[in-house]
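Below is one structure, written out as structure tokens; the observations come after it.
Protein chains: 4
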Amino acid sequence: MSSFWQNHIKLSVFGESHGPAIGATLDGLPAGIPIDEKMIEGEMKRRSASGKALTTPRKEADKVDMLSGLFNGRTTGTPITGIIVNSNTRSGDYAKTKDLMRPGHADYTAKLRYAGYSDYRGGGHFSGRLTAPLVFAGAVCKQVLAAKCPDLTIASRIVSIGKVSDETTLLPEDYEKFAVADPMFPLANESIKEAMIAEIKKAAADKDSVGGVIEGFVTGVPGGLGSPIFDGVESVLASLLYSIPAVKGVSFGAGFDFAAMRGSEANDVFYIDGKTVRTRTNHNGGVNGGITNGMPIVFRVAFKPTPSIAKHQKTVDISTMTDTEIAIAGRHDPCIVLRAAPVVEAAVAVGLLDLLIEAQGVQG
Amino acid sequence: MSSFWQNHIKLSVFGESHGPAIGATLDGLPAGIPIDEKMIEGEMKRRSASGKALTTPRKEADKVDMLSGLFNGRTTGTPITGIIVNSNTRSGDYAKTKDLMRPGHADYTAKLRYAGYSDYRGGGHFSGRLTAPLVFAGAVCKQVLAAKCPDLTIASRIVSIGKVSDETTLLPEDYEKFAVADPMFPLANESIKEAMIAEIKKAAADKDSVGGVIEGFVTGVPGGLGSPIFDGVESVLASLLYSIPAVKGVSFGAGFDFAAMRGSEANDVFYIDGKTVRTRTNHNGGVNGGITNGMPIVFRVAFKPTPSIAKHQKTVDISTMTDTEIAIAGRHDPCIVLRAAPVVEAAVAVGLLDLLIEAQGVQG
Amino acid sequence: MSSFWQNHIKLSVFGESHGPAIGATLDGLPAGIPIDEKMIEGEMKRRSASGKALTTPRKEADKVDMLSGLFNGRTTGTPITGIIVNSNTRSGDYAKTKDLMRPGHADYTAKLRYAGYSDYRGGGHFSGRLTAPLVFAGAVCKQVLAAKCPDLTIASRIVSIGKVSDETTLLPEDYEKFAVADPMFPLANESIKEAMIAEIKKAAADKDSVGGVIEGFVTGVPGGLGSPIFDGVESVLASLLYSIPAVKGVSFGAGFDFAAMRGSEANDVFYIDGKTVRTRTNHNGGVNGGITNGMPIVFRVAFKPTPSIAKHQKTVDISTMTDTEIAIAGRHDPCIVLRAAPVVEAAVAVGLLDLLIEAQGVQG
Amino acid sequence: MSSFWQNHIKLSVFGESHGPAIGATLDGLPAGIPIDEKMIEGEMKRRSASGKALTTPRKEADKVDMLSGLFNGRTTGTPITGIIVNSNTRSGDYAKTKDLMRPGHADYTAKLRYAGYSDYRGGGHFSGRLTAPLVFAGAVCKQVLAAKCPDLTIASRIVSIGKVSDETTLLPEDYEKFAVADPMFPLANESIKEAMIAEIKKAAADKDSVGGVIEGFVTGVPGGLGSPIFDGVESVLASLLYSIPAVKGVSFGAGFDFAAMRGSEANDVFYIDGKTVRTRTNHNGGVNGGITNGMPIVFRVAFKPTPSIAKHQKTVDISTMTDTEIAIAGRHDPCIVLRAAPVVEAAVAVGLLDLLIEAQGVQG
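Residue numbers (my numbering), protein chains in the order written: chain A, 100 to 463; chain B, 100 to 463; chain C, 100 to 463; chain D, 100 to 463.
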């Protein structure tokens with residue numbers, strides 16, 4: 100792979116932060132699915148920073164130009180390519196510090212991997228900006244999923260930012276009727292919002308940043324999706340979620356809390372609910388043995404703090420191989436988590452659609 | 100995929116717990132690598148339960164018959180297939196309860212996925228027994244890695260079992276000189292062993308089970324491996340680790356602890372160490388932007404408690420669609436974590452070798 | 100890839116001619132398909148040489164031991180592995196000539212590719228014997244196809260052996276009602292059989308060998324299969340057919356004869372036949388733009404003469420890098436074409452099932 | 100797959116003939132390779148019709164806009180995307196005949212495959228125009244190959260157009276020193292040019308078209324490339340060549356002529372040539388057992404006559420399911436072969452680079 104993801108559907112994400120354009124190509128979709136460009140625009144807006152006080156002031160219009168794969172408002176079944184022209188880039192910001200390896204960033208590892216030839220401007224292909232084409236692809240996949248499984252919903256909520264955690268416990272029914280009050284700041288418990296905002300502002304004031312955790316969930320998902328051993332739901336989704344910059348942890352259901360549980364507690368007992376089988380609890384996050392069981396898929400994604408901080412940090416100058424210091428100027432989010440929710444959902448939309456098409460076929 | 104994993108190297112794992120044999124085929128390896136069958140045997144023993152008081156008394160010889168791909172003790176470059184003949188299986192144990200969906204198991208989801216035709220005996224293809232061929236494949240990959248990167252070591256330690264946690268903090272140097280006292284019970288802090296054993300015995304006495312967390316680490320790994328966006332180190336390794344039954348969480352470096360950290364704390368600052376670049380801390384677990392930076396790769400894997408417990412549990416009878424109860428008889432580990440360490444290492448060996456061959460080529 | 104083929108279904112072929120066993124693993128199949136082992140046996144017999152005067156006297160029982168993926172006579176949806184234990188091998192035959200590169204064989208190229216470590220005995224992994232697991236896999240795929248598309252038939256006929264050609268022209272209807280008189284020697288025109296046998300015997304008497312052409316055809320195939328640009332029917336099938344040793348040409352429909360045709364002659368005009376669309380002629384071999392049109396898929400496969408001949412040939416000794424001579428002793432077919440028909444059909448069965456599952460899904 | 104090709108390098112081709120743009124993304128390339136945009140322009144020109152009397156008068160500038168993957172004139176190692184904006188399209192030409200299935204085209208099969216939703220204008224994604232992005236991708240791959248293997252050359256010549264064949268026999272040495280006189284009309288025997296041109300003009304005058312055969316060859320190729328069983332040189336190249344519209348036959352070396360040969364004649368005998376091993380003849384086209392032997396790779400590709408002809412043809416109206424007639428107006432090549440040479444070379448460049456990177460690695 101690399102910047103191609105391919106299973107039953109295929110996704111290519113291309114571009115650099117300060118190159119002419121970034122974009123994505125999505126192939127292997129069913130034909131005839133209506134695609135609403137307004138909906139894509141809405142998802143792009145959720146990710147973009149425009150006008151958000153808490154995130155970077157860099158204005159990103161993120162308008163997607165659709166180049167192919169649509170005809171009369173529907174998918175043709177051939178590759179859909181969308182590009183986003185880069186503008187408002189100040190490449191000069193980056194040239195002078197190109198040999199200073201920013202701690203926590205991919206500068207140094209990209210140098211190793213690409214023999215010194217990668218585009219260093221704004222992180223190049225490693226920039227968080229490359230999540231924009233992923234959100235575009237996810238918006239298309241969400242619409243295909245909606246056409247195929249009308250009950251299926253992919254959503255997310257913020258469970259922690261810095262040291263502020265939302266400890267609300269949600270039961271399976273809660274996920275199934277979850278309604279987000281503010282899509283730009285999705286929470287189960289609105290009362291914690293102020294504390295979270297304060298946590299971010301405090302970090303920003305300190306020229307620092309904070310991390311956080313997002314919980315994603317999918318309700319109305321058909322049972323029986325996923326193909327273990329190597330193509331189980333968790334393998335497919337984790338692989339995609341780890342392609343999002345700054346993600347360092349992915350867990351399903353009770354996740355790391357399982358370690359301290361007894362089997363009698365962890366096992367989700369089945370019961371008959373009319374004509375279907377459900378579980379009372381959902382510690383397994385809707386997945387047993389790598390296959391969906393029809394309960395909500397629930398997973399958590401840990402984001403590290405934005406590595407770009409204005410504080411002085413020690414580092415190395417790779418051209419002279421000497422120790423030095425860096426203070427990263429420019430426009431950076433003090434907390435990436437707010438903008439990450441639609442990205443997490445997009446990655447999962449791609450993975451779920453893949454699993455659905457594996458089961459039903461591209462013409463199914 | 101499904102039970103094939105394929106990137107640059109390819110792995111197929113086949114078989115059912117109570118079928119004639121289980122096995123694995125590994126392809127895309129370099130030719131001419133010496134393979135020590137004794138070493139494979141040793142890894143198989145680490146995974147097997149033979150004579151281990153704390154794990155299931157089912158005797159599994161797990162002798163691997165090598166069918167292909169080796170000639171005069173070296174890899175030929177063509178597929179290596181090893182099979183393990185199943186014996187000592189008591190299929191009668193399972194027939195009578197085949198319609199009772201064991202909570203926490205894949206019984207119900209396999210019914211959905213495979214239309215009711217999967218082999219239900221002992222979990223069939225979903226049995227933990229299928230980790231044996233993975234350990235075999237990992238043992239081969241470890242030897243290829245050893246031939247290509249003599250400094251590279253893949254190891255693991257138990258960090259928690261049930262409510263007993265080893266809070267020892269290891270610095271990069273500690274990983275680099277880590278020596279396991281007991282490969283069957285690998286710990287950083289030997290003094291915690293008794294408490295962990297007690298935790299398992301207590302669960303067993305209660306006809307119950309416990310989960311745990313394993314930390315894996317790879318030292319001496321070359322920098323510059325991994326191909327983001329979609330084929331970064333974390334994506335490749337997480338995808339493989341999630342193919343291990345009972346794994347519900349995978350994190351890298353500080354993982355979920357990143358959420359509460361500030362950027363200034365989380366960033367691993369670089370420094371010059373002779374002719375190389377290192378980081379003081381290793382919160383990123385040896386991976387920046389999906390690419391190895393030469394520091395130890397460190398990751399944690401959460402295992403849920405063994406779902407097979409002797410305690411009575413509520414469940415459903417799928418043939419009559421009625422609520423009922425189940426008490427799982429038979430031989431089951433009260434804690435899967437002890438046997439999981441070599442499996443975790445095997446999954447990572449496969450993934451790392453893949454990344455190495457991507458970089459260097461199969462003839463490189 | 101290499102010895103893994105993977106698209107929607109996955110196939111791994113493993114083993115060496117003189118190793119312990121050869122075999123194949125097939126994954127990604129639908130569950131619940133009845134598999135008749137007698138039918139598999141029949142296909143294996145078509146390929147094997149037993150008792151055939153015109154082919155090698157080496158006795159190959161080619162009994163397939165099924166290790167996994169079947170339960171109560173049906174596919175479980177998990178990998179099906181079958182192995183064939185090697186016996187009646189006289190490895191001594193090969194040791195003395197191991198440094199003499201047999202002309203037309205893979206001895207020299209395998210040396211280059213596998214750095215001198217490949218198993219040289221009997222051609223190792225390059226032996227025609229490795230077509231046995233392919234025929235096994237094809238026999239399984241044929242049965243899955245039969246269950247999904249009851250009208251679909253995969254067959255083949257010999258169109259030339261050496262200088263003897265069967266010039267019979269078959270119309271679409273002829274393919275649709277084609278009945279093979281002798282499955283061991285499938286012909287459209289029985290009267291040419293004697294001349295073909297004579298051609299083979301003459302070559303054998305001269306310590307030489309002859310090539311030939313097989314025409315394969317698939318009738319009753321659903322329209323709309325195939326996913327251009329890169330996964331069209333011709334790309335998928337040609338890729339598989341070229342994995343058969345000695346194949347050096349693959350064409351579809353009129354193939355190379357198209358070159359001399361006018362468009363007005365080459366185009367297959369459509370007409371309405373009741374509720375369906377058909378073409379009058381079938382020069383395109385049932386495929387337009389890489390997608391099936393519902394007419395018979397017709398293709399031709401050119402086989403070179405068996406490179407193993409008893410005649411003296413010039414060659415090189417690779418250990419001394421000197422020119423020398425070789426006369427290949429042992430048991431070799433004077434014409435591989437007779438045994439190749441079931442192999443060609445098997446390769447196509449794998450490819451077609453892949454295209455069908457792409458369209459309909461593994462659970463479709 | 101479908102419009103993604105992925106092995107070690109990955110290629111996505113997207114767009115429709117009358118959509119906003121067509122393009123290609125190429126990923127998995129080594130970093131630091133200098134890319135000359137003038138050379139790309141030259142290859143695009145070879146494919147395009149501009150100013151060529153014998154081909155369609157439609158003016159296609161085919162200017163490639165490079166969106167990503169290049170920095171300071173070199174590959175960065177991240178995806179290279181190039182797009183070609185569509186202009187000079189007269190969509191009105193196609194709307195009125197959209198229900199008339201053009202014989203020999205993909206109109207009818209695309210309807211089946213894409214459920215009636217494909218873009219019918221100018222063949223949409225099935226248009227020969229989609230070979231432009233392939234030529235772009237091939238031009239990049241040729242430059243990477245040139246950097247890695249300075250002796251490697253990919254070239255082609257026309258061997259037949261309609262009933263006019265160039266029977267010139269080329270020896271291995273001839274391929275190695277082959278120099279094309281006119282890259283727009285590459286021939287081994289210049290004296291046949293007039294007859295070929297006459298053949299095309301005659302067909303055009305008859306409102307008809309002719310097919311032809313191109314021979315491609317690669318000299319200076321390293322031995323030992325290719326990974327049988329399923330990833331041999333012939334499988335990889337044939338799969339790519341069959342993705343070119345109108346290709347209906349692909350053969351290697353003596354191809355279909357092998358059928359009538361004796362083994363003693365077909366086998367290419369080895370000899371020592373200084374420090375290397377060569378073959379006297381090259382009937383196997385540089386490939387034994389799916390692996391390159393260092394001799395020129397030689398292959399032939401059969402093209403059917405352009406299916407678009409001005410002559411009246413019978414066909415069906417798919418909306419009314421009635422028989423009818425069609426006469427295809429518009430601008431069409433009377434012979435596609437002239438423009439196909441650079442396309443054939445491009446497909447082979449992609450395949451060869453893939454095999455090279457498999458052997459040497461992306462960082463090798």
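For glycine and all other residues, C-beta sits at the position ideal for the given N, C-alpha and C.
As the structure is a prediction and not an experimental result, all values here were calculated from the model.
{"Check": "For Pro282(A), which residues from the same chain have a beta carbon less than 7 angstroms from its beta carbon, with the 5 sequence-adjacent residues on both sides left out?", "Outcome": "Arg145"}
{"Check": "Could you confirm whether any beta carbon from chain C is found closer than 8 angstroms to the beta carbon of Pro271(D)?", "Outcome": "no"}
{"Check": "So, are the CB atoms of Asp422(D) and Ile183(C) less than 8 angstroms apart?", "Outcome": "no"}
{"Check": "Pick out the complete alpha helix (DSSP H) segments inside the region 274 to 309 of chain B, 4 residues or longer, and give them in chain order.", "Outcome": "292 to 304"}
{"Check": "Considering Cα atoms alone, identify which of Asp265(D), Pro129(D) and Val386(D) is closest to Leu452(D).", "Outcome": "Pro129(D)"}
{"Check": "What residues match up with Asn387(C) in a beta bridge as DSSP calls it?", "Outcome": "Ile390(C)"}
{"Check": "In chain order, what residues of the same chain lie with their CB nearer than 7 angstroms to the CB of Tyr341(A), ignoring the 5 residues before and after it?", "Outcome": "Val349"}
{"Check": "Per the contact definition of three or more C-beta pairs closer than 8 angstroms, is the region 242 to 253 of chain A in contact with the region 282 to 297 of chain A?", "Outcome": "no"}
{"Check": "Output the boundary residues of the alpha helix (DSSP H) element that contains Ile139(D).", "Outcome": "Glu136 to Arg146"}
{"Check": "Measure the C-alpha to C-alpha separation of Ile408(D) and Gly311(C) and round it to an integer number of angstroms.", "Outcome": "36 angstroms"}
{"Check": "Within the same chain, show all residues whose beta-carbon is closer than 6 angstroms to that of Arg228(C), passing over the 5 residues directly before and after it, in chain order.", "Outcome": "Ser116"}
{"Check": "Count the other CB atoms within 10 Å of the CB of Pro404(A); is the residue buried (16 or more) or exposed (fewer)?", "Outcome": "buried"}
{"Check": "Does the beta-carbon distance from Ile108(C) to Arg173(C) come in below 8 angstroms?", "Outcome": "no"}
{"Check": "As a quick exercise: from Ala280(D), Lys292(D) and Ala278(D), pick the residue whose alpha carbon is nearest that of Glu266(D).", "Outcome": "Lys292(D)"}
{"Check": "I need the DSSP call for Ser149(A), collapsed to helix, strand or coil.", "Outcome": "With a pLDDT of 42 at Ser149(A), under the threshold of 50, the predicted position of this residue should be treated as unreliable, and no value is reported."}
{"Check": "Would you call the CB atoms of Phe398(C) and Gly384(C) closer than 8 angstroms?", "Outcome": "yes"}
{"Check": "Which of helix, strand or coil does DSSP assign to Gly462(D)?", "Outcome": "The identity of residue 462(D) in the sequence shown is Gln, whereas the question assumes Gly. Note: Gln462(D) maps to coil in three-state DSSP."}
{"Check": "For Gly373(B), is the classification buried or exposed, using 16 other Cβ atoms within 10 angstroms of its Cβ as the cut-off for buried?", "Outcome": "exposed"}
{"Check": "Can you name, in chain order, every residue of its own chain whose Cβ lies under 7 angstroms from the Cβ of Gly122(C), other than the five neighbours on each side?", "Outcome": "Phe113, Gly114, Thr180, Gly181, Ile182, Ile183 and Pro232"}
{"Check": "Going by DSSP in three states, Tyr216(B) sits in which element: helix, strand or coil?", "Outcome": "coil"}
{"Check": "Per DSSP, which one or two residues make a beta bridge with Val376(C)?", "Outcome": "Ile371(C)"}
{"Check": "Could you list the residues in the region 387 to 398 of chain A with a C-beta less than 9 angstroms from some C-beta on chain B, going in chain order?", "Outcome": "Asn387, Gly388, Gly389, Ile390, Thr391, Asn392 and Gly393"}
{"Check": "So for Thr405(C), helix, strand or coil by DSSP?", "Outcome": "coil"}
{"Check": "Under 8 angstroms: do the region 425 to 437 of chain B and the region 234 to 243 of chain B share three or more Cβ pairs, one atom per stretch?", "Outcome": "no"}
{"Check": "Among the candidates Gly141(A), Pro441(A), Ser186(A) and Tyr219(A), whose CA atom is the shortest distance from the CA of Leu199(A)?", "Outcome": "Tyr219(A)"}
{"Check": "Does the structure place the region 315 to 334 of chain C close enough to the region 329 to 339 of chain D that three or more beta carbon pairs sit under 8 angstroms?", "Outcome": "yes"}
{"Check": "Secondary structure at Glu424(D), three-state DSSP: helix, strand or coil?", "Outcome": "strand"}
{"Check": "Does Thr196(A) come out as helix, strand or coil in the three-state DSSP assignment?", "Outcome": "coil"}
{"Check": "Are there 16 or more other CB atoms within 10 angstroms of the CB of Ser111(C), so buried, or fewer, so exposed?", "Outcome": "buried"}
{"Check": "On the premise that Val258(B) lies in contact with Met295(B), defined as a C-beta separation below 8 angstroms, what is that separation, rounded to the nearest angstrom?", "Outcome": "Actually they do not touch by this definition, with Cβ atoms about 10 angstroms apart."}
{"Check": "Please report the distance separating the alpha-carbon of Thr318(C) from that of Asn392(C).", "Outcome": "11 angstroms"}
{"Check": "Compare the C-beta of Ala130(C) with all C-beta atoms of chain A and state if any pair is closer than 8 angstroms.", "Outcome": "no"}
{"Check": "What's the C-alpha gap between Ala302(D) and Tyr216(C)?", "Outcome": "56 angstroms"}
{"Check": "Secondary structure at Asp411(B), three-state DSSP: helix, strand or coil?", "Outcome": "It should be noted that the sequence gives His, not Asp, for residue 411(B). Strand."}
{"Check": "Are there 16 or more other CB atoms within 10 angstroms of the CB of Leu437(A), so buried, or fewer, so exposed?", "Outcome": "buried"}
{"Check": "Count the other CB atoms within 10 Å of the CB of Gly141(C); is the residue buried (16 or more) or exposed (fewer)?", "Outcome": "exposed"}
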